[in-house]
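*Asks:* 0 is the number of the first residue of the sequence shown in numbering that gives the first Met the number 0; add one for each residue after it. Note that beta-carbon positions come from the ideal geometry of N, C-alpha and C, so glycine has one too.
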Amino acid sequence: MKLNIKALALAAGITWGLAIFLLTYWFLLRGYEGEMLSRLSNVYLGYSVTWYGGFIGLAWGFVGGLIGGAVLAWLYNRFVPKPASASEAATT
0 MKLNIKALAL
10 AAGITWGLAI
20 FLLTYWFLLR
30 GYEGEMLSRL
40 SNVYLGYSVT
50 WYGGFIGLAW
60 GFVGGLIGGA
70 VLAWLYNRFV
80 PKPASASEAA
90 TT
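(1) Skipping 5 residues on each side, what residues in its chain have a beta carbon closer than 7 Å to that of GLY68?
(2) Do GLY16 and PHE78 have their CB atoms nearer than 9 Å?
(3) Can you tell me whether DSSP reads VAL79 as helix, strand or coil?
(4) Short of 8 Å in beta carbon distance, which residues of its chain neighbour GLY33, apart from the five on each side in sequence? Order them along the chain.
(5) Are the beta-carbon atoms belonging to TYR43 and GLY53 less than 9 Å from one another?
(6) In terms of residue numbering, what span does the alpha helix (DSSP H) encompassing GLU34 cover?
(7) To the nearest angstrom, report how far apart LEU2 and ILE19 are at their CA atoms.
(8) In terms of residue numbering, what span does the alpha helix (DSSP H) encompassing TYR24 cover?
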């Protein structure tokens with residue numbers, strides 16, 4: 000079974016982007032800056048734990064998840080063996 004690279008990339012991008020966005024706003028509403036989220040500013044240019052930074056994190060998270068999901072699906076499709084065809088299975 001092959002994975003649909005575009006579908007997995009899109010799903011991973013949406014999931015990761017929304018996760019960063021929602022965590023940023025959750026921490027802001029709770030009044031906690033969060034050391035882990037603050038460290039994302041080292042990876043995502045322009046990101047900070049602020050109201051505006053949540054949208055930047057959403058965009059960067061989407062791009063990162065999109066690339067990561069595409070690479071994961073491509074690797075899966077590359078290394079998982081193809082199933083035997085019906086004619087090969089009947090002869091064995």
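*Replies:* In terms of the structure at hand:
(1) Within the same chain, GLY68 has close Cβ partners LEU7, ALA8, ALA10, ALA11, GLY12.
(2) No, these two residues do not count as a Cβ contact at 9 Å.
(3) In this structure, VAL79 counts as coil in the three-state DSSP scheme.
(4) Excluding the 5 residues flanking it on each side, GLY33 has same chain C-beta neighbours closer than 8 Å at LEU22, PHE26, VAL48, in chain order.
(5) No, these two residues do not count as a Cβ contact at 9 Å.
(6) Start and end: 34-38.
(7) Distance between the alpha carbons of LEU2 and ILE19 is about 25 Å.
(8) Unbroken alpha helix (DSSP H) run through TYR24: 4-29.
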